[in-house]
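Student:
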Amino acid sequence: MPSITSWTRLEPRTRNAEMRTSVQARIYDPLWMLARQWQVGEFQGEDTGTPVMARLRAEVARLTRYFPGPIAPNTRATAREYDAKSTPLETLVERERVRPQANQPAAKSEKLRLAVDAGIHFLRLLDQQPIAPANRENYRNAFKRKFPFAALTAEERSTLDDDSRNFLDLMVSRAIDGRLLYSTLRATLRPDGGGTRGALPPDLQIAADEVAEVEKAAEIWLQWYETLFDEPNNIPAAWVPERMEYAFSVATRLSEGEQTLTAEEYYEGHLDWHVFNINAEVSMGAANDDAFTHITNTVIPAPVNFRGAPATRFWELEDAQVDFGAIPTGPADLPHLLLIEFANSFGNDWYVIPVELDVGSLCRTRSLVVTDTFGVSTLIRPNSESGAQHSAWRMFQLSHQRQTGLRPASNLFFLPPTLIKNIEGKPIEEVLFLRDETANMAWGLERLIESSIERPLNRLEASVAREEVSQSNSPAGGPTPNIPVYRLATQIPDYWVPLLPVQTDSVTRTVRLVRGAVLKPDGSQTTVKAQGRVLNPEPEAGLALYEEEIPREGIRVTRNFQYTRWLDGATHLWLGRRKQVGCGEGSSGLKFDTLES
């Protein structure tokens, strides 16, 4: 049936366009508001005085000792001295040998590009010396003849990839081998044990009045070559091959005695205070170090502010980039609910007290007295000393290495000498450790290794290239009938290293993954040799991974160069390692007793 729909809408309108009075938000009956506060019991709350002054007494000690590697309990280790102002902790822990050693068997085919660049730099320094132009050219040729690149044997050439082989062929008799030059100049100008300084080789035919200039260039070059990379100087490595992570300890002395901090599982690439634990079961010889001082600071506490925090002023709006109310949470999502409640209800209850500390120092707070706006002074004690029900809970304190329930809380603040920003290069070596449930074993898969010219070499591409060359060189036979072929075991690529579980301790039943052998077509066994450093740990004690270190998702271990600048302005270049989550399970295709048509 026809109808007419109508309605009436009420629109409030101000009688005056001036909004000043409304914006002032005046209170016309403050007594009524006070009465309502009394009625609901708000006057029975706690004293809400604002802190206006804080007095802090503490003792601060700089780190004085460093020890690489794990330390067994009840051990007194001989640790080396450490100055946090000279070297960042990541560099000290991660660095490994870059320059090849002259006494190593593979030194002839390692770091070819570095050897060439070092030789070119020496010639560049030689040109900067006040030497006669005619003699300068003679000296250049003499050094090239004296320190050439040695030609490799056929067996040594077979171990090189095509790019490295071509590079070496190009540099033979054309460039100076910086590795050979360094070993000769160091033995001559810087003999071990502070012996008598020798003379340059006579076959260089350097004029007597220009020997000083050539030796000056050699000294500058030696200093450059020895400080080009941060490398360990006759100290053990912090890398633990059986765990694929770093382990180390640092120590200092406070008034109560030696304090040792241990990091047993460091592999992320960035150190922070929570990586360390207090290790009271070892000693590193820091008990007599003179390292700590007492400080007393009287400061004004400042409120902590963060994005999205409740604004303090009436008409001030919060940062719109952070909306804690828009966080999607469920009834059982307690961490998110706690975060929202903290930010909205208690976010303006936190204050910060500025305390200046040197990087690489350990601080123990002795007392903290806070005075509020009512003139009341309160002694703030650590939560562990409050005697409350949850006094054992702590978030921002260092934990003990082994929790026994008998040790008190540490009440220590550690400011580690770590990096904020550094430049990382692309991986020069990459190894995947994965589980193969079909073959019931684990594998170490070398995806990338460092070639002789210091470039990442893809093992898969190199294996395919060798297979193509082998097939092209094999004689072509006539047509073969379609007869099944029996194989004792399928062929596995040479960059797949088998890892077999072995029980190494009958008492604890510890299982480790050790390098195994693969079957050849004739039934014999051969050990797969890795070409990188990750699967060839130093010292040569064999690879014996703990079984739990390779989970179902696998792990990925890489090596790459890193570069940074430290507090004193000095730059540091070192080679370190990383461990990350892998790519899941894998399949090698390993089968036994198969017929292939």
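Reading the sequence shown from the start, the letters are residues 1 to 597 in my numbering. Even for Gly, the Cβ is constructed at its ideal location relative to N, Cα and C.
Please determine, among W350, T64, F306 and P456, the residue with the shortest C-alpha to C-alpha distance to S86.
Tutor: The residue given as residue 86 occupies position 86 in the sequence shown. Comparing Cα-Cα distances from S86 to each of W350, T64, F306 and P456, the minimum goes to T64.
Student: Please identify the residue among K520, A332 and N297 whose C-alpha is closest to the C-alpha of E356.
Tutor: As a first step, residue 356 must be located in the sequence shown, where it is residue number 356. It is N297 whose Cα lies nearest to the Cα of E356.
Student: If you draw a straight line from the C-alpha of Q44 to the C-alpha of A54, how long is it?
Tutor: Here residue 44 corresponds to residue number 44 of the sequence shown, with the count starting at 1. Here residue 54 corresponds to residue number 54 of the sequence shown, with the count starting at 1. Approximately 27 Å, taken between the alpha carbons.
Student: Which value, in whole angstroms, describes the spacing of the CA atoms of I278 and H336?
Tutor: The sequence position of residue 278 within the sequence shown is 278, counting from 1. The sequence position of residue 336 within the sequence shown is 336, counting from 1. Computed Cα separation, rounded: 31 Å.
Student: Would you mind listing the beta strand (DSSP E) stretches within the region 430-465 that are 3+ residues and don't spill past its ends, in chain order?
Tutor: Runs of the beta strand (DSSP E) inside the region 430-465: 441-450 and 456-458.
Student: Pull up the CB-CB distance for A530 and E446, whole angstroms please, since I reckon it's below 8 Å.
Tutor: Taking the first residue of the sequence shown as 1, we reach residue 530 at position 530. Taking the first residue of the sequence shown as 1, we reach residue 446 at position 446. That pair is a contact at about 6 Å.
Student: Along the chain, where does the alpha helix (DSSP H) containing R113 start, and where does it finish?
Tutor: Position 113 of the sequence shown, counted from the first residue, corresponds to residue 113. R113 -> alpha helix (DSSP H) spans L112 to D127.
Student: Which same chain residues end up closer than 6 Å to Q129 when comparing Cβ atoms and leaving out the 5 residues on each side of it in sequence?
Tutor: Taking the sequence shown and counting its residues from 1, the one referred to as residue 129 is at position 129. Counting only Cβ-Cβ distances below 6 Å, and skipping sequence neighbours, we find E213 and A217.
Student: I believe L543 touches R515 by the beta-carbon criterion, under 8 Å. Please report the beta-carbon distance rounded to the nearest angstrom.
Tutor: Residue mapping note: residue 543 aligns to position 543 of the sequence shown, counting from 1. Residue mapping note: residue 515 aligns to position 515 of the sequence shown, counting from 1. So it is a contact: roughly 5 Å between Cβ atoms.
Student: Looking only at its own chain, which residues have a Cβ that is under 8 Å from the Cβ of G49, when we skip the five neighbours before and after it?
Tutor: Start at 1 with the first residue of the sequence shown, and residue 49 comes out as number 49. Cβ neighbours of G49 beyond the five flanking positions: D372, T373, F374 and V376.
Student: Among the candidates T438, A151 and D169, whose CA atom is the shortest distance from the CA of K591?
Tutor: Here the question's residue 591 lines up with position 591 in the sequence shown. Per the Cα distances, T438.
Student: CA-CA distance, I131 and E210?
Tutor: As a working mapping, residue 131 is identified with position 131 in the sequence shown. As a working mapping, residue 210 is identified with position 210 in the sequence shown. If you take the alpha carbons of I131 and E210, they lie about 7 Å apart.
Student: Please name the residue, chosen from T252, G589, F292 and F248, that lies closest to A263 on a Cα-to-Cα basis.
Tutor: Residue mapping note: residue 263 aligns to position 263 of the sequence shown, counting from 1. Nearest option by C-alpha distance: F248.
Student: Provide the residue(s) that pair with P88 in DSSP beta bridges, ordered along the chain.
Tutor: As a working note, residue 88 is residue 88 in the sequence shown. Answer is none; P88 lacks a bridge partner.
Student: Please state whether DSSP places Q44 in a helix, a strand or coil.
Tutor: Position 44 of the sequence shown, counted from the start, is the residue given in the question as residue 44. Q44: helix per DSSP, three-state reduction.
Student: Pick out whichever of G444, V370, Y267 and H400 has its Cα sitting closest to the Cα of T91.
Tutor: The residue labelled residue 91 in the question sits at position 91 within the sequence shown. Answer by Cα proximity: Y267.
Student: What residues in its chain sit with their C-beta under 8 Å from that of E231, if we drop five residues either side in the sequence?
Tutor: As a position in the sequence shown, residue 231 is number 231, starting the count at 1. Once the five neighbours on either side are set aside, the close Cβ partners of E231 are R95, E96, R97, V98, R99 and W574.
Student: What span of residues does the beta strand (DSSP E) with Q562 cover, start to end?
Tutor: The sequence position of residue 562 within the sequence shown is 562, counting from 1. From DSSP, the beta strand (DSSP E) with Q562 extends over I555 to R565.
Student: Determine the direct distance from the alpha carbon of T312 to that of N344, and round the result to whole angstroms.
Tutor: Position 344 of the sequence shown, counted from the start, is the residue given in the question as residue 344. Position 312 of the sequence shown, counted from the start, is the residue given in the question as residue 312. Answer to the nearest angstrom: the Cα atoms are 12 Å apart.
Student: Once you ignore the five residues that flank P493 on each side, which residues in its own chain have a CB closer than 6 Å to its CB?
Tutor: To locate residue 493, count along the sequence shown from 1; it is residue 493. Cβ neighbours of P493 beyond the five flanking positions: S463.
Student: With 8 Å set as the bound, which would you pick, yes or no: does the beta-carbon of A320 sit closer than that to a beta-carbon of chain B?
Tutor: Among the chains in the structure shown there is no chain B, since it carries only a single protein chain.
Student: In terms of residue numbering, what span does the alpha helix (DSSP H) encompassing Y266 cover?
Tutor: Here residue 266 refers to the residue found at position 266 of the sequence shown. Looking at the DSSP string, Y266 is not in any alpha helix (DSSP H); the run it does join, the beta strand (DSSP E), is G257 to Y266.
Student: Nearest-angstrom Cα distance between I4 and M19?
Tutor: As a first step, residue 4 must be located in the sequence shown, where it is residue number 4. As a first step, residue 19 must be located in the sequence shown, where it is residue number 19. Taking the straight line joining both Cα atoms gives about 40 Å.
Student: Give me the Cα-Cα distance between Y66 and A465, rounded to the nearest whole angstrom.
Tutor: The residue given as residue 66 occupies position 66 in the sequence shown. The residue given as residue 465 occupies position 465 in the sequence shown. Roughly 47 Å between the two C-alpha positions.
Student: What is the C-beta distance between T252 and L398, in whole angstroms, given that I count them as a contact (C-beta under 8 Å)?
Tutor: Translated into positions along the sequence shown, residue 252 becomes position 252. Translated into positions along the sequence shown, residue 398 becomes position 398. In fact, because the Cβ distance is near 13 Å, the residues do not count as touching under 8 Å.
Student: Thinking just about the alpha-carbon of each residue, which of Q401, E281, N234 and Q259 is nearest to the one in A287?
Tutor: For the purposes of this step, residue 287 is identified with residue 287 of the sequence shown, where counting begins at 1. Checked all of Q401, E281, N234 and Q259; the closest Cα to A287 is Q259.
Student: Pull up the DSSP beta-bridge partners for G576, would you.
Tutor: Here residue 576 is taken as the residue at index 576 of the sequence shown, counted from 1. Note: G576 sits in a beta bridge opposite N560.
Student: State the beta-bridge partners of W496 as determined by DSSP.
Tutor: For this step, residue 496 is matched to residue 496 along the sequence shown. W496 pairs with L445.
Student: Which class does R57 belong to by DSSP, given the choice of helix, strand or coil?
Tutor: Indexing the sequence shown from 1 puts residue 57 at position 57. Residue state, collapsed to three classes: strand.
Student: Taking the beta carbon of V497 as the centre, do at least 16 other beta carbons fall within 10 Å, making it buried, or is it exposed?
Tutor: Residue 497 sits at position 497 when you count from the first residue of the sequence shown. V497 comes out buried.
Student: Under three-state DSSP, which class holds N344?
Tutor: Here residue 344 refers to the residue found at position 344 when the sequence shown is read from its first residue. Helix.
Student: Measure the alpha-carbon distance for L317 versus A326 and round it to whole angstroms.
Tutor: For this step, residue 317 is matched to residue 317 along the sequence shown. For this step, residue 326 is matched to residue 326 along the sequence shown. Answer to the nearest angstrom: the Cα atoms are 16 Å apart.
Student: Q401: buried (16+ other C-beta within 10 angstroms of its C-beta) or exposed?
Tutor: Within the sequence shown, residue 401 is the residue found at index 401, counting from 1. Under this definition Q401 is a buried residue.
Student: Assign I220 to one of three DSSP states: helix, strand, or coil.
Tutor: The count along the sequence shown starts at 1 and reaches residue 220 at position 220. I220 falls in the helix class under three-state DSSP.
Student: Could you work out which residue in V528, L185 and R26 is closest to Q491 when comparing CA atoms only?
Tutor: Taking the first residue of the sequence shown as 1, we reach residue 491 at position 491. When only C-alpha atoms are compared, the closest one is V528.
Student: Is L412 close to the ligand COA? I mean its beta-carbon at under 7 Å from any heavy atom of the ligand.
Tutor: Among the components of this structure there are no ligands whatsoever, and the ligand COA is therefore not found.
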